[in-house]
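J.: In our numbering, the protein residues as written are 12 to 300.
Glycine included, each C-beta is placed from N, C-alpha and C at the ideal position.
What you are looking at is a predicted structure, and each value in this text was computed from that prediction instead of being measured.
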Amino acid sequence: MISYKDKLFKGITYVASLFVIVFLFGIIYSIFREGLPLFNVVSIKEFLTSTEWYPTHAEPEFGIYTLLLGSFYVTLGALLIAIPLGLGSAIFISEVASPKLREIAKPVIELLASIPSVVYGLFGMAFLAPLLREWLDLQTGLNIFSSSIILGMMVVPIIASMSEDAISTVPKSLREASFALGATKWETITRVVLPAAKSGIIGSVLLGFGRAIGETMVVLMVSGGSAQIPKSIFDSVRPMTSTIAAEMGETVIGDLHYQSLFAISIVLFIITFITNLITELVFLKRSSR
Numbered sequence: 012m013i014s015y016k017d018k019l020f021k022g023i024t025y026v027a028s029l030f031v032i033v034f035l036f037g038i039i040y041s042i043f044r045e046g047l048p049l050f051n052v053v054s055i056k057e058f059l060t061s062t063e064w065y066p067t068h069a070e071p072e073f074g075i076y077t078l079l080l081g082s083f084y085v086t087l088g089a090l091l092i093a094i095p096l097g098l099g100s101a102i103f104i105s106e107v108a109s110p111k112l113r114e115i116a117k118p119v120i121e122l123l124a125s126i127p128s129v130v131y132g133l134f135g136m137a138f139l140a141p142l143l144r145e146w147l148d149l150q151t152g153l154n155i156f157s158s159s160i161i162l163g164m165m166v167v168p169i170i171a172s173m174s175e176d177a178i179s180t181v182p183k184s185l186r187e188a189s190f191a192l193g194a195t196k197w198e199t200i201t202r203v204v205l206p207a208a209k210s211g212i213i214g215s216v217l218l219g220f221g222r223a224i225g226e227t228m229v230v231l232m233v234s235g236g237s238a239q240i241p242k243s244i245f246d247s248v249r250p251m252t253s254t255i256a257a258e259m260g261e262t263v264i265g266d267l268h269y270q271s272l273f274a275i276s277i278v279l280f281i282i283t284f285i286t287n288l289i290t291e292l293v294f295l296k297r298s299s300r
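(1) Decide yes or no for the touch test of the stretch 231-245 against the stretch 77-89: beta carbon pairs closer than 8 Å, at least 3 of them.
(2) Taking only three categories from DSSP, how would you classify V229?
(3) Might you give, ordered along the chain, the residues of its own chain that have their beta carbon closer than 7 Å to the beta carbon of F220, omitting 5 neighbours on each side?
(4) In angstroms, rounded to a whole number, what distance separates the CA positions of F43 and I275?
(5) In this structure, how does DSSP classify E198 when only helix, strand and coil are distinguished?
(6) Once the 5 residues before and after T62 are set aside, which same chain residues still bring their CB inside 7 Å of it?
(7) Counting only the same chain and skipping the five closest in sequence on each side, list residues whose C-beta sits under 8 Å from that of V216.
(8) Under the three-state reduction of DSSP, which class applies to F73: helix, strand or coil?
(9) Any idea what DSSP makes of G46, helix, strand or coil?
(10) Given that a residue counts as buried once 16 or more other Cβ atoms are within 10 Å of its Cβ, and exposed if not, what is P250?
(11) What residue does the alpha helix (DSSP H) around L238 start on, and which one ends it?
(12) Just verifying my parser: in three-state terms, what is the DSSP assignment at V248?
(13) DSSP beta-bridge partners for Y65?
(14) Going by Cα to Cα distance, which pick from G163, D266, E106, G265 is closest to V229?
(15) Going by the beta-carbon positions, is the gap between V167 and G88 smaller than 8 Å?
(16) With E145 as the anchor, note down where its alpha helix (DSSP H) starts and where it stops.
(17) Expressed to the nearest angstrom, what Euclidean distance is found between the alpha-carbon atoms of N143 and Q150?
(18) Do you know offhand how far I120's Cα is from V233's?
(19) Look up Q150 in the DSSP assignment and say whether it is helix, strand or coil.
(20) Just to confirm before moving on: does the CB-CB distance between L46 and F273 stay below 8 Å?
(21) Would you identify the three-state DSSP class for V203, choosing helix, strand or coil?
(22) Comparing C-alpha positions only, which one of G132, I277, I200 sits nearest to S105?
(23) Out of F134, K183, W146, which has the shortest C-alpha to C-alpha gap to I160?
(24) If E226 and S128 are in contact, beta carbons under 8 Å, what's the gap, nearest whole angstrom?
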């Protein structure tokens, strides 16, 4: 017999999960409802490939190509920083550190994820950007390089935590077999452990990509805010998320500018949805082995 408490708990969890689904579809519906009408005025091709973003001019232009480039440049820069640091941290915690050091290092790395993004943005804007401008003799420290460093530090905990979990699940027997064949610890890590944990590591990188491309406050405060095609990593850019955050308060509900920002949200949603779908497929492949 199922007790009353079990039935109550089952009912609460069912309602909670139902609410999550309802809210998710509500968000998707609201984004597409407000954003899709723009494409009655601007073609999808023009919206994605035009470099002119002047939504408030007398003859407005709604091209997000420069915004797309800004998002991808900053995100890829962040991953170039976060992947070595995150994966290196995961290897150290799982394979090298002593149990006592592991108990200290893992919570410290995961603590980075609890810091609000606005704090990272303030640090980048008030400390890192002026420092880089002085050291590298730049016109401005608010650029791709600065925002990539800060954003990369925000992504490190995701990659480190998930990669460490994947590495920890590799059977101990594989390591022992490698040592028995005369392999060194480094050879065991690089040729046995990492290939065995490959799916989990790839999944962590994909989730890190989704986290980075959807970040708003850091890129709003540190990337410079210039909607241009960058020629170097020291140029200012304006990613899609910072454009939405900076301009949404200036729009009139229902006008083309308002709809264009929701259309950018649709593009972001599609990118993150595809990223998460690939991640789920990677983990599904891993779990089926």
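T.: Let me spell this out:
(1) They touch, by the three-pair rule.
(2) Under the three-state reduction of DSSP output, V229 falls in the helix class.
(3) Answer for F220: T86, L90, T286, listed in chain order.
(4) Whole-angstrom Cα-Cα distance: 10 Å.
(5) Correct three-state label for E198: helix.
(6) Counting only Cβ-Cβ distances below 7 Å, and skipping sequence neighbours, we find G74, Y76, T77, I240.
(7) Correct list, in chain order: L90, I94, I170.
(8) In the structure shown, F73 falls within a strand segment according to DSSP collapsed to helix, strand and coil.
(9) G46 falls in the helix class under three-state DSSP.
(10) Burial state of P250 is buried, judged by a 10 Å Cβ sphere holding 16 or more other Cβ atoms.
(11) For clarity, residue 238 is Ala in the given sequence; the question names Leu instead. A238: not part of any alpha helix (DSSP H); DSSP gives it neither H nor E.
(12) Three-state result, V248: strand.
(13) DSSP lists E72 as partners of Y65.
(14) Across the set G163, D266, E106, G265, the C-alpha of G163 shows the shortest separation from the C-alpha of V229.
(15) In this structure, G88 does not lie closer than 8 Å to V167 by Cβ.
(16) DSSP places E145 inside the alpha helix (DSSP H), whose first and last residues are 140-147.
(17) In the sequence as presented, Asn is not what sits at residue 143; that position holds Leu. Straight-line spacing of the CA atoms in L143 and Q150 works out to 10 Å.
(18) Distance between the alpha carbons of I120 and V233: 23 Å.
(19) The answer is coil: DSSP assigns Q150 none of H, G, I, E or B.
(20) In the sequence on display, residue 46 carries Gly and not Leu. The Cβ-Cβ distance between G46 and F273 falls below 8 Å.
(21) Assigned with DSSP and collapsed to three states, V203 falls in helix.
(22) Of the listed residues, the one whose Cα sits closest to S105 is I200.
(23) Selected option, being the one with the closest Cα: F134.
(24) Contact flag correct, Cβ pair sits at about 6 Å.
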